[in-house]
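FYI, the numbering for the sequence shown is -19 to -1, 1 to 231, going by mature numbering (1 follows the signal peptide of the UniProt record, and there is no 0).
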Amino acid sequence: MKNLFLIAALALIPWAANAQNSNSKFTITPRIGMTVSDFSGSKLKEAYSPKAGFVAGVDAEYNFSKLFGVSLGVFYNMQGAKANAAVLMPGYEPTNNFEISPVTPTTTVIGKNAHIDFDRNAGSYIYLTDFRTDLNYISIPVLAQAHVWKGLTAKLGIQTDVLVSARSKANVEVKYKGVTYFEKSNTDIKDKLHSCVFSIPVGLSYTYKNIELDARYLWGISKVADTKDENDKDLKNSTFAITLGYRFGL
């Protein structure tokens, strides 16, 4: 048994030595990190603000020389944005076979820290705040890589994002028949969005002893949805991602 362990250990030595060689023609780099995502293209300047998310995946790189390489990656990538809005809708209560609306017609306020002041004792209402859109993608980046200086690499390419899930969320305050309820809405909106979008990744990474810190800006070049809303008809993803990875030479 001891001999088997010794043979296995000896067999791993060349692989381990090779894994430490960041100059190998082929490298595999698993990565994990966070995203800060937003929407661009809205005509309403304060309609959206950034939200944090998670990203994880792997890049496979082929180096043509010590200076240039190309990589293909697959990542699970959280994008989306917070919506800076507050919406007040009238509540309806039946009275003598009629429906009454004790709150004025729907009111919408857009902007940072958006809120609506109203009389909560006036009657029934539905009040929505803290909107958020969570878009989860499988991202496939193809990057040209230039190893410009002692572990520093510049990156540029194209990324395909395949939509996995999309949820619209908000805090909901409802008053009905004198009772106030606090809830959280969570609506599936995947069928309202494009199933595939594209972005241009631009980034830098620094590698030290095979540990790699990578920062990328993902510039969305295709719309996330087709909408009749004139303010949001050109809405695109805009995401910054930072990850930590480890390079394995093959």
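From the three backbone atoms N, C-alpha and C, an ideal C-beta is built for every residue, glycine too. Predicted, not measured: the structure shown is a model, and the values here were computed from it.
Are the beta-carbon atoms belonging to residue 208 and residue 217 less than 8 Å from one another? no
*Take the Cβ of residue 228 as the centre, count every other Cβ of all protein chains shown within 10 Å, and call the residue buried at 16 or more, exposed below.*
buried
Q) Any idea which residues DSSP pairs residue 148 with across the strands? A) 115, 169
- Message: On the CB-based measure, 16 or more other CB atoms within 10 Å of its CB, does residue 101 come out buried or exposed?
- Response: exposed
* Asked: Do the region 152 to 166 and the region 120 to 134 make contact, defined as three or more Cβ pairs closer than 8 Å?
  -> no
Note to self: For residue 148 and residue 29, what's the separation of their Cα atoms in angstroms?
What the structure shows: 16 Å
Requested in this report: Would you mind stating whether residue 186 and residue 201 have Cβ atoms separated by less than 8 Å?
Outcome: Taking 8 Å as the Cβ cut-off, residue 186 and residue 201 do not qualify as a contacting pair.
### Message
For residue 128, list the residues DSSP reports as bridge partners.
### Response
134
Inter-residue spacing [alpha-carbon to alpha-carbon] between residue 49 and residue 175: Roughly 34 Å separates the two Cα atoms.
Inter-stretch contact at 8 Å, needing at least 3 Cβ pairs: the region 159 to 166 / the region 135 to 144 = no
* To do: Given a cut-off of 8 Å, decide if residue 118 and residue 58 are closer than it, judged by their beta-carbon atoms.
  => yes
Query - Check whether residue 34 and residue 56 have beta carbons under 8 Å apart - result: no
Subject >> residue 183 versus residue 160: straight-line alpha-carbon distance, rounded >> reply: 52 Å
Review point. Under a three-way DSSP split, which group does residue 40 fall into?
Key: In the structure shown, residue 40 sits in a strand (DSSP, three-state: E or B).
Mind checking residue 212: buried by the 16 CB within 10 Å criterion, or exposed? exposed
TODO: Express the C-alpha separation of residue 121 and residue 51 in angstroms, rounding to a whole number.
DONE: Taken atom to atom, the span from the alpha-carbon of residue 51 to that of residue 121 is near 13 Å.
If the criterion is Cβ atoms closer than 8 Å, does the pair residue 225 and residue 13 meet it?
yes
Original post:
Going straight from the alpha carbon of residue -13 to that of residue 231, what length do you get?
Top reply: In this prediction, residue -13 scores a pLDDT of 36, lower than 50, which makes its location untrustworthy; the coordinate-derived value is nonetheless stated afterwards. In a straight line, the C-alpha of residue -13 is about 21 Å away from that of residue 231.
| task | Quick one: give me the first and last residue of the beta strand (DSSP E) that residue 88 is part of. | result | Start and end: 88 to 91.
Helix, strand or coil at residue 104 according to DSSP, with G and I counted as helix:
coil
Count the other CB atoms, across all protein chains shown, that sit within 10 Å of the CB of residue 87; report buried if there are 16 or more and exposed otherwise.
exposed
Smallest Cα separation from residue 99: which of 108, 130, 190? 108
TODO: Below 7 Å CB to CB, which residues in the same chain sit around residue 194 once its five sequence neighbours on both sides are set aside?
DONE: 186, 187, 225
Near residue 44, which residues of its chain fall below 6 Å by C-beta distance, leaving aside the five closest residues on each side in sequence? Apart from the 5 residues on each side of it in sequence, residue 44 sits with its Cβ closer than 6 Å to the Cβ of 6, 50 in its chain, given in chain order.
Assign residue 219 to buried or exposed, taking buried as 16 or more other Cβ atoms, counted over all protein chains shown, within 10 Å of its Cβ.
-> Buried.
Minimum C-alpha distance to residue 9 - residue among 68, 196, 191:
191
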